[in-house]
Amino acid sequence: MMSGVGRLTVGGCQKLLMSSPRHLTSISPSASHFTRQMSTDTGSLAARLSSSALLRNQGLIGGKWVDAYDNKTIQVRNPATGDVITDVACMGGRETIDAIASAYDAYHSWSKHTASERSKYLRKWYDNLTCPN
């Protein structure tokens, strides 16, 4: 093997490590770790997302799910088929300003919690996201 070149395998990915001015790396994924079955059935996808409570068509501003102020929506399409999955609120400048102001306010209250408290909140959020009731 050449000086400055090495191989590392982590989680089924093999990396070729090269010593260079830019520290370039290349990754070759192992096919066995990345085998996935994909469906282009849009109805099935939308139904599964809706039933999991992960699909929302509104924007979150100030802790509340809201429609665009002008009630405009945009279509979300499956890139594989072009089929419409759902319509979502088309948020504009006013909604963006309100969302940023709300996030700024939330940051100040959130930063008053200790790291341990924030960790507990994030863990509870993760648990709710991965195993919704």
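The C-terminal residue of the sequence shown carries number 194 in this note's numbering, and the numbering is unbroken.
Glycine residues also receive a C-beta, built at the ideal position from the N, C-alpha and C atoms.
Per DSSP, the bridge partner or partners of residue i
i: D148; result: Q136
i: G121; result: Looking at the sequence provided, one finds Leu at residue 121 rather than Gly. Per DSSP, W126.
Cβ-based neighbour list, residue i, same chain, cut-off 6 Å, excluding 5 preceding and 5 following
i: A160; result: I122
Beta-carbon separation (whole angstroms), residue i vs residue j, contact threshold 8 Å
i: A129; j: G153; result: 7 Å
i: L116; j: T147; result: 6 Å
i: R138; j: V145; result: 6 Å
Spatial neighbours of residue i in its chain, beta-carbon cut-off 7 Å, leaving aside the 5 residues before and after
i: E156; result: G120, I122, A129 and Y130
i: L118; result: The sequence shown places Asn at residue 118, not Leu. Once the five neighbours on either side are set aside, the close Cβ partners of N118 are T147, D148, V149 and A150.
i: Q136; result: V145 and D148
i: K133; result: C151
Where residue i falls, given that 16 or more other Cβ within 10 Å makes a residue buried
i: A150; result: buried
Contacts around residue i, its chain only, beta-carbon distance under 8 Å, and the 5 residues preceding and following it disregarded
i: W171; result: R179
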